[in-house]
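Student:
Residue numbers (the numbering used here), protein chains in the order written: chain X, 24 to 267; chain B, 24 to 267.
If you want it as structure tokens, here you go:
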């Protein structure tokens, strides 16, 4: 079965957390909106999905995964569905919810990163909310980012199966999402992330280990991996970055 | 098995979405922090859970549900776990993910409501971010709240089993959460919500139907249902409200 992923084509964005899981597993998938990027057909397919008035509720926003007739929105929801199918989650139901709890904490972190550059309204340009963005970013970098990173450092440190993974003895989609969150934070806030490896040694090891996994390394070298840019979630605006 | 719910005692907050499901089902549960509110023992139990360094990863934030040894954080995650156990979700795995997608959209709405009064930093008082709160609330009430409410009105309208429920032919936890979201929005933004029943007739019917369910009606009359207040997520600050 080929999975269909629907997400905006020009950015990594929230879709990237799903892509990393599919790529790591070597799963058959079509990145629908990118597949026909040149003639806009892919984006039209995405828009049609969001407006679909038949059958299951149309999703509120992308990313969306289609697996046959099942249409699943929201990153954490998609990953929880894919996890056992891709060998990236435990089979036990209760443990899958523990893993999903970790992923939803990453969801919250990502939402806060988004709001560093859009604290007032998604419908406004960054330039129209710059003073507020500076204020929010300062708080995010001083308090929130360290709180999230310390939390996940701690999750690794006291994993009974060792600090190589966030949960259990093997790779899960949460490890891949932590890699992506760290990559994004480092792109967006290089000054604030200086000294990251010293402050968060387990996260630093995890990040390198994920980057070196053969399927991930091949993906990162491919043109399927878009570069970070200032249309995505992790944006590098030097005026929002600061040493912490 | 008695469920243990861990959440801040003095507010409805995010915990209320879980309470409504437990109350509707008549499930045996202990609201741990409220259970010993008078001597602070309950809040200490909550804080201890968040600092627990043994076994499963300690949660980042409440609400948290404990079911025996399983510790589950995040509202949508808890409800997805409880849903089939309480008879408030379909049994089919793919459909449970569709339902979870709707709940996660409510999660996003609730996060945006929170940010109307805390657009800059959770660590600051509302009074210290009032100009930004006004700006964010204006956008929320003009664009975001109508977008979310129209979306869910539409979800009801094109439910193949009829508009009484968000999903399928019977009550699910998503219906209960929609009730709570509407109650909260009406408390926080009475001016913006004027004409709600005319603009969103299916949501209005759902709201009344949920309020009249025997277990929910009994709960709403009980002192277990705290009143909305300005420490919770849905806060009534008249200066943030506006006609739309």
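C-beta: ideal position from N, C-alpha, C; glycine also.
Could you give the C-beta distance for residue 8 (chain X) and residue 226 (chain X), rounded to a whole number, given that I count them as a contact under 8 Å?
Tutor: Residue coverage of chain X in this structure runs from 24 to 267, which leaves residue 8 (chain X) outside it and unanswerable.
Student: For a test of the three-state rule: what should DSSP assign to residue 90 (chain B), helix, strand or coil?
Tutor: Residue state, collapsed to three classes: strand.
Student: Only counting the same chain, and skipping five residues up and downstream in sequence, which positions put a Cβ closer than 7 Å to that of residue 188 (chain X)?
Tutor: Cβ within range, chain order: 182, 194, 195, 198.
Student: What does DSSP give as the partner residue(s) for residue 95 (chain X) in the beta ladder?
Tutor: Answer is X:88.
Student: On the three-pair Cβ rule with 8 Å, is the stretch 210 to 217 of chain X touching the stretch 43 to 57 of chain X?
Tutor: Segments in contact, no.
Student: Under 8 Å, Cβ to Cβ, is there at least one residue of chain X near residue 256 (chain B)?
Tutor: Residue 256 (chain B) does not count as touching chain X.
Student: With three or more C-beta pairs closer than 8 Å as the rule, is the stretch 167 to 175 of chain B touching the stretch 127 to 146 of chain B?
Tutor: As far as the Cβ criterion goes, the stretch 127 to 146 of chain B touches the stretch 167 to 175 of chain B, which means the pair count is three or higher.
Student: When you compare the CB positions of residue 161 (chain X) and residue 140 (chain X), do they come within less than 8 Å of one another, or not?
Tutor: In this structure, residue 140 (chain X) does not lie closer than 8 Å to residue 161 (chain X) by Cβ.
Student: Just tell me which of X:145, X:205, X:95 has its CA closest to the CA of residue 254 (chain X).
Tutor: Out of X:145, X:205, X:95, X:145 has the C-alpha closest to the C-alpha of residue 254 (chain X).
Student: Would you decide whether residue 250 (chain X) is buried or exposed? Buried here means 16 or more other CB atoms lie within 10 Å of its CB.
Tutor: When all chains shown are included, residue 250 (chain X) counts as exposed.
Student: Give, in chain order, every unbroken run of the alpha helix (DSSP H) that is at least 4 residues long and sits entirely within the stretch 154 to 194 of chain B.
Tutor: List check, alpha helix (DSSP H) in window: 168 to 180.
Student: With H, G and I counted as helix, E and B as strand and the rest as coil, what does DSSP make of residue 148 (chain X)?
Tutor: Reduced to three states, the DSSP call for residue 148 (chain X) is coil.
Student: For residue 248 (chain X), tell me which candidate among X:30, X:42, X:28, X:25 has the shortest Cα-Cα distance.
Tutor: That would be X:42, whose Cα lies nearest to the Cα of residue 248 (chain X).
Student: Report all residues from its chain with a CB closer than 7 Å to the CB of residue 238 (chain B); omit the five preceding and five following residues, and keep chain order.
Tutor: Same-chain partners within the cutoff: 46, 47, 49.
Student: Buried or exposed for residue 124 (chain X), going by 16 or more other Cβ atoms inside 10 Å?
Tutor: Residue 124 (chain X) should be labelled buried.
Student: Apply the 10 Å Cβ neighbour rule to residue 261 (chain X) and answer buried if 16 or more other Cβ atoms are within range, or exposed otherwise.
Tutor: With fewer than 16 Cβ atoms within 10 Å of its Cβ, residue 261 (chain X) is classed as exposed.
Student: Any contact of the stretch 110 to 123 of chain X with the stretch 93 to 113 of chain B, i.e. 3+ C-beta pairs under 8 Å?
Tutor: Yes: at least three Cβ pairs fall under 8 Å.
Student: Roughly how many angstroms separate the alpha carbons of residue 27 (chain B) and residue 88 (chain B), rounded to a whole number?
Tutor: One C-alpha to the other measures close to 6 Å.
Student: Opposite residue 54 (chain X) in the DSSP bridges: which residues?
Tutor: Looking at the DSSP assignment, residue 54 (chain X) forms a beta bridge with X:28.
Student: Take residue 203 (chain B) as the anchor and find which of B:25, B:116, B:44, B:24 has the nearest alpha-carbon.
Tutor: Of the candidates B:25, B:116, B:44, B:24, the one whose C-alpha sits nearest the C-alpha of residue 203 (chain B) is B:44.
Student: Check the Cβ-Cβ distances between residue 178 (chain X) and every residue of chain B, and say whether any is below 8 Å.
Tutor: Chain B contact via Cβ: present.
Student: So residue 174 (chain X) contacts chain B; which residues on that side make the cut at Cβ distance below 8 Å?
Tutor: By Cβ distance, chain B contributes 83.
Student: Thinking just about the alpha-carbon of each residue, which of B:69, B:175, B:59, B:222 is nearest to the one in residue 84 (chain X)?
Tutor: Taking only the C-alpha atoms, the option nearest residue 84 (chain X) is B:175.
Student: Run down chain B in chain order and give the residues with a C-beta less than 8 Å from the C-beta of residue 200 (chain X).
Tutor: Neighbours of residue 200 (chain X) on chain B: none; closest Cβ ~14 Å, over 8 Å.
Student: Should residue 67 (chain B) be flagged as near chain X, meaning a C-beta pair shorter than 8 Å?
Tutor: So no, residue 67 (chain B) is outside the interface.
Student: Measure the alpha-carbon distance for residue 31 (chain X) versus residue 55 (chain B) and round it to whole angstroms.
Tutor: Whole-angstrom Cα-Cα distance: 43 Å.
Student: The stretch 140 to 170 of chain X: which residues have C-beta closer than 7 Å to a C-beta of chain B, in chain order?
Tutor: Taking 7 Å as the Cβ-Cβ cut-off against chain B, the residues of the stretch 140 to 170 of chain X that qualify are 142, 143, 144, 146, 155, 158, 159, 162, 166.
Student: Quick one: what does DSSP say residue 257 (chain X) is sitting in, helix, strand or coil?
Tutor: The answer is coil: DSSP assigns residue 257 (chain X) none of H, G, I, E or B.
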